[in-house]
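S.K.:
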Amino acid sequence: MNCCPHCQGADRFFNQRVAAADLRHYRQHGATGTTRQLLDALTSAGVAGLSLLDIGGGIGVIQHELRAAGVTEITNVDASRAYLKMARGEAERRGYAADARYVYGDFVALADEIAAADIVTLDRVVCCYPDMAALVHHAAAKAGRFLGLVYPRDSWWTKAGVAMLNLLPRLRGDAFRSFVHPTAAVEGVAAANGLRRIVHHQGPVWQVVVFAR
Ligand SMILES: C[S@@+](CC[C@H](N)C(=O)[O-])C[C@H]1O[C@@H](n2cnc3c(N)ncnc32)[C@H](O)[C@@H]1O
22 MNCCPHCQGA
32 DRFFNQRVAA
42 ADLRHYRQHG
52 ATGTTRQLLD
62 ALTSAGVAGL
72 SLLDIGGGIG
82 VIQHELRAAG
92 VTEITNVDAS
102 RAYLKMARGE
112 AERRGYAADA
122 RYVYGDFVAL
132 ADEIAAADIV
142 TLDRVVCCYP
152 DMAALVHHAA
162 AKAGRFLGLV
172 YPRDSWWTKA
182 GVAMLNLLPR
192 LRGDAFRSFV
202 HPTAAVEGVA
212 AANGLRRIVH
222 HQGPVWQVVV
232 FAR
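Heads up, our numbering is the position in the sequence shown plus 21, with the first residue counted as 1.
If you want it as structure tokens, here you go:
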């Protein structure tokens, strides 16, 4: 298994029950919230004919929606097997699974084996990984045109919320943790990889950012 203890924790945390609930929600409501904002920002920048690397894609909302907007090849790397199975099942139902690749494991460990893409997305994934610099660096390096991120703002209230969220896995003895990484550090890694910010929406908890090359 190509997963660190943290990603093994993610595999347990994002299990079949969580994945089934996410898929039900998506089927009932479509893309919502900050995922919708990220999708709108990317589609207004123009995605037709582009390829997508969706890291930690969950049940694949970004993939399904961008495919419908004209994205061609799709790669989904996820540390959760339950999420990968749901994403693939939904792609099969929508008739495009043959154009998609599903890779299980830690994207940072697998980065050398993953092809670059025009669009790279990390929707609520930076907050699930301890080594932000490695994750964002490898993602940014793969992004030919756009890098889209949804991640928490680094405010005292998001840090307090995440400390509360981490109590449960800590009590259970599970390795999975959530993180609030400093915005300036995330932006610095993107800039060091030749990306400039073209979209920034900041809500009370999450920020939605698109960088372009
Ligand atoms: C909070 S979920 C977000 C899922 C989806 N993007 C969404 O917004 O609904 C975080 C996802 O990131 C994945 N993940 C976290 N760290 C990862 C890593 N290093 N490599 C691949 N996937 C990772 C988890 O398995 C999980 O699917």
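No residue lacks a Cβ here, since even glycine has one placed at the ideal position from N, Cα and C.
(1) Return yes when the C-beta of Asp144 is under 6 Å from any heavy atom of ligand 1, and no when it is not.
(2) In angstroms, rounded to a whole number, what distance separates the CA positions of Ala213 and Asp139?
(3) In chain order, what residues of the same chain have a beta carbon less than 7 Å from the beta carbon of Val68, not counting five sequence neighbours either side?
(4) Could you check if Asp127 belongs to the surroundings of ligand 1, using beta carbon to heavy atom distance under 6 Å?
(5) Note down, in chain order, each residue of its chain lying with its Cβ closer than 6 Å to the Cβ of Gly77, except the 5 sequence neighbours on either side.
(6) Once you ignore the five residues that flank Ala118 on each side, which residues in its own chain have a CB closer than 8 Å to its CB?
(7) Between the C-alpha atoms of Val229 and Ala181, what's the straight-line distance to the nearest angstrom?
(8) I'd like the ranges of any alpha helix (DSSP H) spanning at least 4 consecutive residues and lying wholly in the stretch 134-219.
(9) Please give the ranges of any beta strand (DSSP E) in the stretch 55-115, keeping only runs that are unbroken, at least 3 residues long and fully inside the region.
(10) Can you have a look at Gly81 and say buried or exposed, based on whether 16 or more other CB atoms are within 10 angstroms of its CB?
(11) To the nearest angstrom, report how far apart Phe200 and Val207 are at their CA atoms.
(12) Answer yes or no: the CB of Phe200 versus the heavy atoms of ligand 1, is any distance below 6 Å?
(13) Quick check: Ala155 and Val129, are their CB atoms within less than 7 Å of each other?
(14) Going along the chain, which residues of its own chain have a beta-carbon closer than 7 Å to the beta-carbon of Tyr47, five neighbours each way excluded?
M.R.: Inspection of the coordinates gives the following:
(1) Start at 1 with the first residue of the sequence shown, and residue 144 comes out as number 123. Indeed, a heavy atom of ligand 1 lies less than 6 Å from the Cβ.
(2) For the purposes of this step, residue 213 is identified with residue 192 of the sequence shown, where counting begins at 1. For the purposes of this step, residue 139 is identified with residue 118 of the sequence shown, where counting begins at 1. Ala213 and Asp139: Cα-Cα distance of roughly 18 Å.
(3) Along the sequence shown, read from residue 1 onward, the residue named residue 68 stands at position 47. A distance below 7 Å between beta-carbons, with the five flanking residues on each side excluded, links Val68 to the following residues of its chain, in chain order: Leu87, Ala90, Gly91, Val92, Ile140.
(4) By 1-based counting over the sequence shown, the position of residue 127 is 106. Because some heavy atom of ligand 1 lies under 6 Å away, the Cβ of Asp127 counts as near it: yes.
(5) Along the sequence shown, read from residue 1 onward, the residue named residue 77 stands at position 56. Beyond the five residues adjoining it in sequence on each side, Gly77 comes within less than 6 Å, by CB distance, of Asp99, Val146 in the same chain, given in chain order.
(6) Within the sequence shown, numbered from 1, the residue matching residue 118 stands at position 97. Same-chain partners within the cutoff: Arg109, Ala112.
(7) Counting from 1 along the sequence shown, the entry for residue 229 is found at position 208. Counting from 1 along the sequence shown, the entry for residue 181 is found at position 160. Using only the alpha carbons, I get a separation of about 20 Å.
(8) When DSSP assignments are scanned along the stretch 134-219, the uninterrupted stretches of alpha helix (DSSP H) that are 4 or more residues long and fall wholly within it turn out to be 153-163, 177-186, 188-193, 204-213.
(9) Counting only runs that start and end inside the stretch 55-115, the beta strand (DSSP E) elements of at least 3 residues fall at 73-76, 95-99.
(10) Position 60 of the sequence shown holds residue 81. When all chains shown are included, Gly81 counts as buried.
(11) Here residue 200 refers to the residue found at position 179 of the sequence shown. Here residue 207 refers to the residue found at position 186 of the sequence shown. Rounded to the nearest angstrom, the two C-alpha atoms are 13 Å apart.
(12) Position 179 of the sequence shown, counted from the first residue, corresponds to residue 200. No, the beta carbon of Phe200 sits no closer than 6 Å to any heavy atom of ligand 1.
(13) The residue given as residue 155 occupies position 134 in the sequence shown. The residue given as residue 129 occupies position 108 in the sequence shown. Yes, they are a contact pair.
(14) Numbered from its first residue, the sequence shown carries residue 47 at position 26. The beta carbon of Tyr47 is closer than 7 Å to those of Ile80, Val82 in its chain, skipping five residues each way along the sequence.
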